[in-house]
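The numbering of the sequence shown is the numbering used here, which starts it at 70 and goes up by one. Beta carbons are placed, not taken as given, at the ideal position from N, Cα and C, and that holds for glycine. Beneath this line is the structure, given in structure tokens, with notes to follow.
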Amino acid sequence: MKNVAPAIFPPGGIGDARPANQAVLDWVDEIANLTEPENIFWCDGSDRESEFLIGESLKQNLLIRLNQKKVPRSYLHRSDPNDVARVEQFTFVCTPTKEEAGPTNNWSEPGETYTKLRGLLKGAMRGRTLFVIPYIMGPPDSPLTKVGFEITDSKYVVLNMRIMTRMGEIAVKRLGNDPNAEWNRGVHSLLDINPDRRFICHFPQDNAIISVGSGYGGNVLLSKKCLALRIGSYLARKQGWLAEHMLILGVESPEGKKHYIAAAFPSACGKTNFAMLIPPDQFKGWKVTTVGDDIAWMQVRDGRLYAINPENGYFGVVPGTSYKSNPNAMRSIAHDTLYTNVALTDDGDVWWEGKDGDPPAHAIDWRGNDWTPNSKEKAAHPNSRFTTPMRNNPALDPDVEKGGGVPISAIIFGGRRSDTVPLVYEAFDWAHGVYLGATMASETTAAATGAVGKVRRDPMAMLPFCGYNIGDYFRHWLDIRKRLTNPPHIFSVNWFRKGVKGQFLWPGFGENMRVLKWIIDRCEQTGGALKSPIGWLPSPHDLDLAKLDIDHKCVAEILGIDHEEWQKEISGHREFFDSLGGVVPAELLEQSEQLAARFKE
Ligand code: OXD
Ligand code: MN
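Quick look at the structure:
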């Protein structure tokens, strides 16, 4: 076997994040022997290192420097046009048996998959630098925090990981010298960005990930979807906690009473907007703070559920972000931000559909072509992204670093549904809440390749992210209840219901505070509700609608239950459960029968 000397690049090294842990050193040697890079670069996450990598990336046209007066210390990256979203069809869970991966995952046999991937990785880094990124997911002093190492041949990945994770020395220290310590092995290579050689493979039993052929964030920032959700959910079940596709927000009343809420929505359904909500004027004195915008890791302590955000930054969808829709996001991305696939204006600023103000008369679109408002193509890709440190967020929650996490009062499941599902309702109890999560559905978005706008069942917004058998996942959710003496209340929300004329019924954005307020009232047992077949439903006067410019008819429509639509919905639940081929726990099948029976009462 050819031995690749672990040369430090550039000569002299930038930092010193090379761990003493022999297991890591052996693994890096093994991957270097396979991929044959020119250099090995041990990343330390320092400012000096990042300046160096930005400089190199500018020289190689991997990044474009933006107008530093308009967006200080910010850069634009254009990905390959064939590589702009997560690829669920090429994402695999490689457990020893197919049953462990379950009916919702693509499965491939681990031995064969390792062999195939090793074949693709052979010599793949020739002439390139192999970067080793040590990182942790979670606050430094949390018992839930996990260590990961990602090997990559992409500087863009290093620069993004530096924003999205806590990177460098902190991980090396946490890992320590124990050769048996738990840590995630992530290998990423761009290969030649060929969709035919694009695979995102997870080996949960080995705590390992191999991702090849893509440079798109969700496929290559292995800390995020791959570790924090797919491998994370597998570890969570084994270790008795929950890894969820949820934002976490804090809501504080004018009297200083605070609740934390975790909310699961599928990709590109407004999680970041919701997590950064600014209450409208008549909620004077109310404050919403962000703990996380995409992922929640939750553990049971003293009979309550506590959540941490394992991430350190936001990788958010850009189009539609404006001072009107999300002022806190706009402030967050005004500096120190990496943009991917947005448009570049003639004065070196960034632009996207839905940004405040008029479109520029001319810009360069995300593919690098001239663009004017008359162009047929979009200037920014619908799944263009910002990567920005969470510390840029003016609404960052002060307890975001709290290792023990924040106590969760309510869990929300939400989807993008034009019809059927009311604005908000509450589950009768935990098992019913798990049923709401298990049967939630949403119209698909541009966050993943494939048709946009089709309703698909997306249990707990985890369909693309649950790293094991979905039936066992449902069971795990039901079982968690046994350890909770003070369980969170569970709600369903839908901001996207449309009226008969096809218009959105709810004004959305900041007005979601009115829904949050009802949710908090319910948690404090002060909020009114009507018992309906689907759950506890607010009547219009249970919601604070003061000064809201909304027609009474619209309110009735958005809170309404259409029996015919619900008959279809219940059939949809059953079809979905049937499609899972017998893995659904009996309790959830019973919930379905009880729901149907309640409509007959
Ligand atoms: C994301 C996603 O990028 O869910 O957060 O796709
Ligand atoms: Mn997400």
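Check, Outcome
"Name the two residues that bound the continuous beta strand (DSSP E) containing residue 431.", "Residue 431 -> no beta strand (DSSP E), and no H or E assigned at all."
"Measuring CB atoms only, is the region 114 to 121 touching the region 228 to 240, in the sense that at least three cross pairs come out at less than 8 Å?", "yes"
"In the region 262 to 322, which residue ranges form an unbroken beta strand (DSSP E) of at least 3 residues, counting only runs that do not cross its ends?", "268 to 272, 277 to 281, 311 to 313 and 315 to 321"
"Spell out a yes or no on whether the region 472 to 488 and the region 563 to 581 are touching, meaning 3 or more CB-CB pairs, one atom from each, closer than 8 Å.", "yes"
"Going by CA-CA distance only, name the one from 551, 146 and 89 that's closest to residue 285.", "146"
"Could you check where the beta strand (DSSP E) with residue 218 kicks off and where it finishes?", "215 to 221"
"Whole angstroms are fine: how far does the CA of residue 210 sit from the CA of residue 245?", "14 Å"
"Is residue 336 near the ligand MN - that is, is its Cβ less than 7 Å away from at least one heavy atom of it?", "yes"
"Indicate whether residue 451 and residue 515 have their beta-carbon atoms separated by less than 8 Å.", "yes"
"Can you find at least 3 beta carbon pairs, one from the region 95 to 108 and one from the region 185 to 193, that sit closer than 8 Å?", "yes"
"Using CA atoms only, rank isn't needed, just tell me which of 604, 623 and 598 is closest to residue 612.", "598"
"For residue 586, which of 133, 283 and 318 has the nearest alpha-carbon?", "318"
"Along the chain, where does the alpha helix (DSSP H) that runs through residue 167 open and close?", "167 to 170"
"Where residue 539 and residue 156 are concerned, what is the direct C-alpha to C-alpha distance, given to the nearest angstrom?", "19 Å"
"Would DSSP call residue 495 helix, strand or coil?", "strand"
"In the structure shown, what three-state DSSP assignment does residue 179 receive?", "helix"
"Excluding the 5 residues preceding and the 5 following residue 136 in the sequence, name in chain order all residues of the same chain whose CB lies nearer than 7 Å to its CB.", "416, 417 and 418"
"Can you list, in chain order, the stretches of the beta strand (DSSP E) that have 3 or more residues and sit fully within the region 340 to 374?", "356 to 361 and 365 to 370"
"What's the C-alpha gap between residue 175 and residue 270?", "10 Å"
"Helix, strand or coil: which one does DSSP assign to residue 404?", "coil"
"I'd like to confirm the pairing. Which residues does DSSP put opposite residue 670 in its beta bridges?", "For residue 670, which the question treats as bridged, DSSP gives no partner whatsoever."
"Going by C-alpha distance, which of 550, 380 and 307 is nearest residue 314?", "380"
"From residue 471 to residue 377, what does the alpha carbon distance come to, in whole angstroms?", "8 Å"
"Give the C-beta separation of residue 388 and residue 449 to the nearest angstrom, bearing in mind that I take them to be a contact with Cβ-Cβ under 8 Å.", "5 Å"
"Can you check which of these residues, 594, 329, 441 and 109, is closest to residue 413 by C-alpha distance?", "441"
"Beta carbon of residue 88, beta carbon of residue 248: below 8 Å?", "no"
"If you run the structure through DSSP and keep just helix, strand and coil, what is residue 70?", "For residue 70, the pLDDT reaches just 35, beneath the cut-off of 50, and the residue's location in the model is therefore unreliable, although a value from the coordinates is still provided. In the structure shown, residue 70 sits in coil (DSSP, three-state: anything other than H, G, I, E or B)."
"Where does residue 531 fall in DSSP's three states?", "coil"
"Look up residue 331 in the DSSP assignment and say whether it is helix, strand or coil.", "strand"
"Under three-state DSSP, which class holds residue 149?", "coil"
"What did DSSP end up calling residue 541 once you bin it into helix, strand or coil?", "helix"
"What is the rounded straight-line gap between the Cα of residue 466 and the Cα of residue 460?", "10 Å"
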